[in-house]
Amino acid sequence: METKRTLKLGSGAIVGALAVWLFLYISTIFPYLGYSSQNETLGPGVSLSAGSKDVGLTTMLLFEGQTAFIDYEVASTENGKVILDVKPISTFGFSENKQDIEAGTKGTYEVEIEKTGLYEFRHDFSLNGISGTTEYRVSWGAR
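This note's numbering puts the first residue of the sequence shown at 23, with every later residue one more than the last.
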């Protein structure tokens, strides 16, 4: 009996938290959909990842006229780059909106949504040479 009550309370808390987030997202008070932190170290013939911290949605229904954005911060020991893109899920690979972000930069990448549909928020390491460490943090959303 106690287990049922605990499950009911836990489910209620999750549904409540999602409802609050949805309200904040729709009202644009908190327009974020996700966050990621990545780290990659390259050496001759080796690529090591220090793991990633990913939270949130990478695919979302966006409406014509919305502005999708990715806030970013990129650091690298050897001028590594990161690729950012917001693209319709029907687009293979990267879209024409793709942007290469240089090391040592911080800012916001924005894309105006031209047609209502499902869009994917992408971020990944660019070809970063043969040595060095690159790390980045991104958060994404739409307003």
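Note that CB positions come from ideal geometry on N, CA and C, so glycine has one too.
Status (buried if at least 16 other CB within 10 Å, exposed otherwise) for residue i
i, result
"Ile4", "In this structure the chain extends from 23 to 165, so residue 4 is not present and cannot be described."
"Leu149", "exposed"
"Thr156", "buried"
"Gly102", "buried"
"Lys109", "buried"
"Val133", "buried"
Residues near residue i in its chain [Cβ-Cβ closer than 6 Å; skip 5 each side]
i, result
"Thr138", "Phe85 and Glu86"
"Phe116", "Asp107"
"Val160", "Ser58, Ile92, Tyr94 and His145"
Between the CA atoms of residue j and residue i - distance to the nearest angstrom
i, j, result
"Glu142", "Thr80", "6 Å"
"Asp107", "Gly32", "36 Å"
"Glu95", "Ile36", "31 Å"
"Gly56", "Trp162", "5 Å"
"Thr99", "Lys30", "50 Å"
"Thr63", "Ser153", "7 Å"
"Ile111", "Leu140", "6 Å"
"Ala164", "Ala90", "4 Å"
Backbone secondary structure at residue i - three-state DSSP
i, result
"Ile36", "helix"
"Lys30", "helix"
"Gly126", "coil"
"Ser59", "strand"
"Phe114", "coil"
"Phe85", "coil"
"Thr155", "strand"
Residue(s) in a DSSP beta bridge with residue i
i, result
"Glu106", "One point to set straight first is that residue 106 is Leu, not Glu, in the sequence displayed. For Leu106, which the question treats as bridged, DSSP gives the partners Gln121 and His145."
"Lys75", "Ser59"
Contacting residues, own chain, Cβ-Cβ under 8 Å from residue i (five flanking each side not counted)
i, result
"Gln121", "Ile105, Leu106, Asp107 and Tyr131"
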